[in-house]
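Novice: My questions all concern the structure below.
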Amino acid sequence: MINKANRLVIAMALLSLTGLARAADAPETVEVTSSAFAHHGTVPLANTAYSDNQSIDLSWSNLPAGTVELALICDDPVVAMPQPFVHWVVYNIPASAAGLPAGMSSEAAPEIPGLEGLTNGVSGVRRPGYFGPRPPVDGQLHTYNFRVYALDADLDLPEGLGKDELLERMEGHVLATGLLMGHYQRTE
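Just so we're aligned: 680 in my numbering is position 177 of the sequence shown, and the numbers increase by one with no gaps anywhere.
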């Protein structure tokens, strides 16, 4: 006889087998760091669109077993329109990669040794590559979420995906995530 607890276990197993598990439900166990700033630190001026607009370096560790590839989304949830504003989308990152270098090219498919296949997706300025923090001069502290996704499959995604399309394609494949949060405030 199947009781309610067993039904719940069976339902959860079927849900995971059908690929309907959501990225938002994945455990946040991936460690994400940068030499540019600490978690909850200030994003350096050189990494903003007010200066060199140089992408930050990222490193990650503690990937779960079964990770086949990775993806990254950076957004600013403080921006009112569109909310959240997307600053960087990167996918098709090989699981063998320990991170991304600083100053990555904004080409859709940059050639980086060890990161073959990597694809820069479309940011909120409707072009591929990194678009650094550029909050308005409103005195408000803006938050930049650099979220890494560990995926259980080689999704072989095409160029040109934005955040929403990437999240849709990753649905059911996210094993774990990790977050590096930075801040920037424009006061003048």
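Glycine is no exception: its CB is placed at the ideal position from the N, C-alpha and C atoms. Just so you know, these numbers come straight off a predicted model, no measurement behind them.
With DSSP as the reference, please indicate the residues paired to ALA653 in a beta bridge.
Specialist: Answer is LEU573 and ALA679.
Novice: Using three-state DSSP, classify GLU531 as helix, strand or coil.
Specialist: Three-state DSSP puts GLU531 in a strand.
Novice: Looking at C-alpha atoms only, which residue of TYR687, GLU691, GLN688 and ALA679 is the closest neighbour of ALA568?
Specialist: Among TYR687, GLU691, GLN688 and ALA679, the Cα nearest to that of ALA568 is on ALA679.
Novice: How would you call VAL640, buried or exposed, if buried means at least 16 neighbouring beta carbons within 10 angstroms?
Specialist: With fewer than 16 Cβ atoms within 10 Å of its Cβ, VAL640 is classed as exposed.
Novice: Just curious, the beta strand (DSSP E) that LEU561 is in, first and last residue?
Specialist: 561-564 is the span of the beta strand (DSSP E), which, as asked, contains LEU561.
Novice: So what does TYR647 bridge to, in DSSP terms?
Specialist: The partner list for TYR647 (beta bridge, DSSP) reads GLY685.
Novice: Is the Cβ-Cβ distance between ASN623 and ASP578 less than 8 angstroms?
Specialist: The answer is no: Cβ separation not under 8 angstroms.
Novice: Quick test of your reading: THR532 and ASN565, contact by CB under 8 angstroms. State the CB separation rounded to the nearest angstrom.
Specialist: The Cβ separation is near 6 angstroms, so the contact holds.
Novice: How is the beta strand (DSSP E) around ILE596 delimited, first residue to last?
Specialist: Its beta strand (DSSP E) spans residues 588-597.
Novice: With distances taken between CB atoms, is the gap from VAL625 to PRO631 smaller than 8 angstroms?
Specialist: Yes; because the gap between Cβ atoms is below 8 angstroms, this pair is in contact.
Novice: Between which residues of its own chain and GLY659 is the CB-CB distance below 8 angstroms, once the five residues before and five after are set aside?
Specialist: In the sequence under discussion, the amino acid at residue 659 is Asp, which differs from the Gly named in the question. Hits under 8 angstroms: ASN595.
Novice: Under the rule that 16 or more other beta-carbon atoms within 10 Å means buried, what is ALA539, buried or exposed?
Specialist: Its Cβ being crowded by 16 or more others within 10 Å, ALA539 is buried.
Novice: So, helix, strand or coil for ASP578, using DSSP?
Specialist: If DSSP states are grouped into helix, strand and coil, ASP578 belongs with the strands.
Novice: Give the range of the alpha helix (DSSP H) segment to which LEU669 is assigned.
Specialist: Looking at the DSSP string, the run of the alpha helix (DSSP H) that includes LEU669 is 666-673.
Novice: Mind checking who GLY627 pairs with in its DSSP beta bridge?
Specialist: DSSP output for GLY627 lists no bridge partner at all.
Novice: Can you tell me whether GLU572 is buried or exposed? The criterion is at least 16 other CB atoms within 10 Å of its CB, across all chains shown.
Specialist: The residue in question, GLU572, is buried, as its Cβ has 16 or more Cβ neighbours within 10 Å.
Novice: Return the bridge partner residues of THR536 from the DSSP annotation.
Specialist: Answer by DSSP bridge pairing, in chain order: SER562.
Novice: Buried or exposed, going by whether 16 or more other CB atoms sit within 10 Å of the CB of ASP667?
Specialist: Burial call: exposed.
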